[in-house]
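**Q** Numbering (my numbering), first residue to last: 8 to 152. Just so you know, even glycine gets a beta-carbon here, dropped at the ideal spot from N, CA and C. All figures in this text were calculated on a predicted structure; none of them were measured in a lab.
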C-alpha cells in the first residue's frame with residue numbers, strides 16, 4: 008500500500024513539473040498601425056504589429072496607468088505571451104493584431120499611445136462630427152461685375 012501511494016505521489020509530481028506553464032506577457036516587438044474610435048460609450052482600439060518569432064499567443068492591449076498631470080494622452084501596452092524557452096518556433100517577424108474595448112478616458116484626453124518594445128504610435132481619437140450642428144453662417148460671396 009505504501010509503495011502504491013509513493014508511486015502515485017512520484018507520478019503526480021512528475022506530471023505537475025512536466026506541464027508547460029504560461030510565460031508572463033511581454034511587449035511585442037513593434038506596432039505598425041493603430042485605430043481608436045468611440046462606439047456605444049466605449050473606446051475601441053485596434054492595433055497591428057509584429058512579434059520576433061512564432062509561438063506568441065494571446066495578443067492584447069493593456070491600459071498602463073500613468074500619472075502625468077494635465078496630459079492629453081492615455082497610454083496602452085501591446086503585449087502577448089511569448090513561447091516557452093524550449094519550444095521550437097519559426098524565427099521570423101510574424102504579424103499580430105489585437106482589439107480592446109475600454110471605458111472612455113478621463114475628460115481632456117484626446118490621444119491614445121500604443122507602446123511596443125521598439126516603438127510606439129500615438130493617434131488622436133474622438134467622436135465623428137455631428138451633422139446638422141449649429142454653425143455660424145458664412146456670408147455669401149459677392150457677385151463679379
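For residue 67, report the span of its beta strand (DSSP E) as first-last.
**A** 64-71
**Q** So if DSSP puts residue 105 in a beta bridge, which residue, or which two residues, is it bridged to?
**A** Its beta-bridge partners are 54.
**Q** Cβ of residue 86 within 7 Å of any heavy atom in the ligand GTP?
**A** The ligand GTP is not among the ligands present in this structure, which contains no ligands whatsoever.
**Q** Is residue 44 near residue 121, with beta carbons less than 8 Å apart?
**A** no
**Q** Pick out whichever of 89, 41, 79, 49 has its Cα sitting closest to the Cα of residue 116.
**A** 79
**Q** Give the straight-line distance between the Cα atoms of residue 128 and residue 62, rounded to the nearest whole angstrom.
**A** Rounded to the nearest whole angstrom, the CA to CA distance from residue 128 to residue 62 is 24 Å.
**Q** Determine the DSSP secondary structure at residue 144, reduced to helix, strand or coil.
**A** Confidence at residue 144 is low in this model, with a pLDDT of 38, below 50, so the placement of that residue is unreliable and no value is reported for it.
**Q** Considering only residues of the same chain and omitting the five flanking positions on each side of residue 118, which have a CB-CB separation below 8 Å?
**A** 79, 80, 81, 129, 130, 131, 132
**Q** For residue 107, tell me which candidate among 85, 93, 94 has the shortest Cα-Cα distance.
**A** 85
**Q** Suppose you measure from the CA of residue 73 to the CA of residue 10; what does that come to, to the nearest Å?
**A** 57 Å
**Q** Express the C-alpha separation of residue 100 and residue 92 in angstroms, rounding to a whole number.
**A** Taking C-alpha positions only, residue 92 is separated from residue 100 by approximately 17 Å.
**Q** Quick one: residues in its chain with C-beta nearer than 8 Å to the C-beta of residue 65, no 5 flanking neighbours on either side, listed in chain order?
**A** 32, 87, 88
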